[in-house]
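Undergrad: My questions will all concern the structure given below.
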Amino acid sequence: MALISYVVPVYNNSGSLRPTWESIRGLFQTELADHTYEIVFVNDGSQDNSWDEIMELAAEDNAVRPFRFTRNFGQVPAIIGGYQKSAGDAVINISADLQDPIELTVQMVRNWEAGFDVVIGHRNDRNDSIASNFFSKVAYGILRSSNRNIPEGGFDFVLMSRRATNTFLQYEGRNRYFQGDILWAGYRTALLPYARRKRTIGKSQYNFGRKLKLFLDYVIDGSYLPIRLMSLSGVLVSALGLLYAVVVLGAWALHTTPFPGWAPLMIAGLVIGGMIMLMLGVIGEYLWRILDEVKHKPMYIFEDRPDA
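The opening residue of the sequence shown carries number 0 in numbering that gives the first Met the number 0; numbering runs sequentially from there.
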């Protein structure tokens, strides 16, 4: 009987943890009765009653393994911390907000048994707000321009075999490109589309700032796209500048140089100045991440527990 680990990052998910546990436990009493399970809850600095609920579940079920961070470190650190604490032959990351269909993990396990090291549940539809859907499409459209293997709707609901999990845990870095890191190894991968459900308990903790930070981590850590765009922009502006210089030289030779010259100077100054500021901002993002890495701070810190 294989052990299936569920890693559940938790941040202010009070009210949804028991239904998550009940749904997982129910699967192993029916469709997955040929396997055993463990649920690794990682409390990521929640400010509600999430930790108390986790401890209640741990008292009822020995398969529930509770862990918590000293503060809020973010979703990706919580996932990685859960992977490190997991002991399963296969590891499934699933959200605690009941938007991912837990019953889909049966198909994930069967695909893993068929020889797939990575089984991705990717969103082909989502019952979110118009703004969230728009941001998601734009963000993943940009990400797919540098990595075509990423499903159009993105993913974080995923099963990995033990060897794929161990490979993933060898990667270093504090600002991780979670999806790109999983796909980078090239293990045999299966895709399972699903419709992301509407949240019925609580509200999303992912505001625009958190989404933007995650997007920047993905783009900068996972590709050279910003640097390449800067290089191409520099080539384009240089070429346009050379053409304009030829025009100016011709006007000077024909003695038709306009005296004021205010408009072209202002346009050139604004365009070039704006591009310089944009490029400095991108370079600053890279430098900030380099500085963050050389400090060698841990990605997260667990609260000490005797039984951990």
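The C-beta atom is built at its ideal place from N, Cα and C for all residues, glycine as well. This structure is a prediction, so every number in the text was calculated from the model and none was measured.
1. What would DSSP say about residue 109, mapped onto helix, strand or coil?
2. My assumption, with CB atoms under 8 Å, is that residue 44 sits in contact with residue 64. Please give the rounded CB distance.
3. Are the stretch 94-106 and the stretch 181-193 touching, with three or more C-beta to C-beta distances below 8 Å?
4. Does the separation of the CB atoms of residue 167 and residue 184 fall below 9 Å?
5. Locate the beta strand (DSSP E) running through residue 159, then write down its first and last residues.
6. Output needed for residue 56: all residues of its chain with C-beta closer than 7 Å, excluding positions within five of it in sequence on either side, in chain order.
7. Is it true that the stretch 147-167 meets the stretch 72-92, where meeting means three or more beta-carbon pairs spaced less than 8 Å apart?
8. So what does DSSP say about residue 9, is it helix, strand or coil?
9. Quick test of your reading: residue 175 and residue 75, contact by CB under 8 Å. State the CB separation rounded to the nearest angstrom.
10. Cβ atoms of residue 81 and residue 41: under 9 Å apart, would you say?
11. So, at 8 Å on beta carbons, what are the nonlocal neighbours of residue 296 in its own chain, with the 5 sequence-adjacent residues on each side left out?
12. Are the beta-carbon atoms of residue 0 and residue 33 separated by less than 9 Å?
13. Work out the CA separation of residue 77 and residue 13 for me, nearest whole Å.
14. Which same chain residues end up closer than 8 Å to residue 236 when comparing Cβ atoms and leaving out the 5 residues on each side of it in sequence?
15. From which residue to which residue does the beta strand (DSSP E) around residue 37 run?
16. Pull the bridge partners of residue 290 from the DSSP assignment, please.
17. Contact defined as beta carbons within less than 8 Å: I believe residue 86 pairs with residue 37. What is the distance between those atoms, to the nearest angstrom?
18. For residue 149 and residue 287, I'd like the C-alpha separation in whole angstroms.
19. Measuring straight from C-alpha to C-alpha, what distance separates residue 285 and residue 178?
20. May I have the straight-line CA-CA distance separating residue 3 from residue 116, to the nearest angstrom?
21. Hey, residue 105 and residue 66 are a contact pair by Cβ (cut 8 Å); roughly how many whole angstroms apart?
22. For residue 301, write down the residues that DSSP places opposite it in a beta bridge.
23. Would DSSP call residue 22 helix, strand or coil?
24. Taking the alpha carbon of residue 84 as the reference point, which residue from 292, 289, 5 and 246 has its own alpha carbon closest?
25. Give the secondary structure of residue 16 by DSSP, where H, G and I count as helix, E and B as strand, and everything else as coil.
26. On the DSSP letters alone, give me the boundaries of the alpha helix (DSSP H) that residue 79 sits inside.
27. In the DSSP assignment, the beta strand (DSSP E) including residue 194 goes from what residue to what residue?
TA: Inspection of the coordinates gives the following:
1. Counting from one through the sequence shown, the residue named residue 109 turns up at place 110. Helix at residue 109.
2. Residue mapping note: residue 44 aligns to position 45 of the sequence shown, counting from 1. Residue mapping note: residue 64 aligns to position 65 of the sequence shown, counting from 1. The pair is not a contact, with the Cβ atoms about 18 Å apart (cut-off 8 Å).
3. yes
4. As a working note, residue 167 is residue 168 in the sequence shown. As a working note, residue 184 is residue 185 in the sequence shown. It is a contact, given that the beta carbons lie within the stated cut-off.
5. Counted from its first residue, the sequence shown places residue 159 at position 160. Counting along the chain, the beta strand (DSSP E) containing residue 159 begins and ends at 156-160.
6. For this step, residue 56 is matched to residue 57 along the sequence shown. Cβ neighbours of residue 56 beyond the five flanking positions: 16, 17, 20 and 63.
7. With the cut-off at 8 Å, the stretch 147-167 and the stretch 72-92 touch.
8. As a first step, residue 9 must be located in the sequence shown, where it is residue number 10. Three-state result, residue 9: strand.
9. Residue numbering aside, residue 175 sits at position 176 when the sequence shown is read from its first letter. Residue numbering aside, residue 75 sits at position 76 when the sequence shown is read from its first letter. Their Cβ separation, rounded to whole angstroms, is 5 Å, which keeps residue 175 and residue 75 in contact under 8 Å.
10. As a first step, residue 41 must be located in the sequence shown, where it is residue number 42. As a first step, residue 81 must be located in the sequence shown, where it is residue number 82. Closer than 9 Å, so yes.
11. Along the sequence shown, read from residue 1 onward, the residue named residue 296 stands at position 297. Counting only Cβ-Cβ distances below 8 Å, and skipping sequence neighbours, we find 173.
12. Position 1 of the sequence shown, counting from 1, holds the residue named residue 0. Position 34 of the sequence shown, counting from 1, holds the residue named residue 33. It is a contact, given that the beta carbons lie within the stated cut-off.
13. Numbered from 1 along the sequence shown, position 14 holds the residue referred to as residue 13. Numbered from 1 along the sequence shown, position 78 holds the residue referred to as residue 77. Residue 13 and residue 77: Cα-Cα distance of roughly 17 Å.
14. Within the sequence shown, numbered from 1, the residue matching residue 236 stands at position 237. Excluding residues up to 5 positions away in sequence, 270, 271 and 274 lie with their Cβ nearer than 8 Å to the Cβ of residue 236 in the same chain.
15. As a first step, residue 37 is located in the sequence shown; it is residue number 38 there, counting from the start. That run of the beta strand (DSSP E) goes 35-42.
16. The residue you call residue 290 lines up with position 291 of the sequence shown. Residue 290 is not bridged to any residue.
17. The residue labelled residue 86 in the question sits at position 87 within the sequence shown. The residue labelled residue 37 in the question sits at position 38 within the sequence shown. Contact holds; Cβ gap of about 7 Å.
18. For the purposes of this step, residue 149 is taken as residue 150 along the sequence shown, with counting starting at 1. For the purposes of this step, residue 287 is taken as residue 288 along the sequence shown, with counting starting at 1. Roughly 26 Å between the two C-alpha positions.
19. On the sequence shown, residue 285 is found 286 positions in, with the first residue counted as 1. On the sequence shown, residue 178 is found 179 positions in, with the first residue counted as 1. Cα-Cα distance, rounded: 20 Å.
20. Within the sequence shown, residue 3 is the residue found at index 4, counting from 1. Within the sequence shown, residue 116 is the residue found at index 117, counting from 1. The alpha-carbon atoms of residue 3 and residue 116 are separated by roughly 13 Å.
21. Position 106 of the sequence shown, counting from 1, holds the residue named residue 105. Position 67 of the sequence shown, counting from 1, holds the residue named residue 66. About 26 Å; that fails the 8 Å criterion.
22. By 1-based counting over the sequence shown, the position of residue 301 is 302. BP columns for residue 301 point to 68.
23. Taking the first residue of the sequence shown as position 1, residue 22 is located at position 23. Looking at residue 22 - three-state DSSP - the assignment turns out to be helix.
24. For the purposes of this step, residue 84 is identified with residue 85 of the sequence shown, where counting begins at 1. Of the listed residues, the one whose Cα sits closest to residue 84 is 5.
25. To locate residue 16, count along the sequence shown from 1; it is residue 17. Of the three classes helix, strand and coil, the one that applies to residue 16 here is helix, per DSSP.
26. Residue 79 sits at position 80 when you count from the first residue of the sequence shown. Element bounds for residue 79: 74-84.
27. Residue numbering aside, residue 194 sits at position 195 when the sequence shown is read from its first letter. Following the DSSP letters along the chain, one finds residue 194 inside the beta strand (DSSP E) bounded by residues 188-195.
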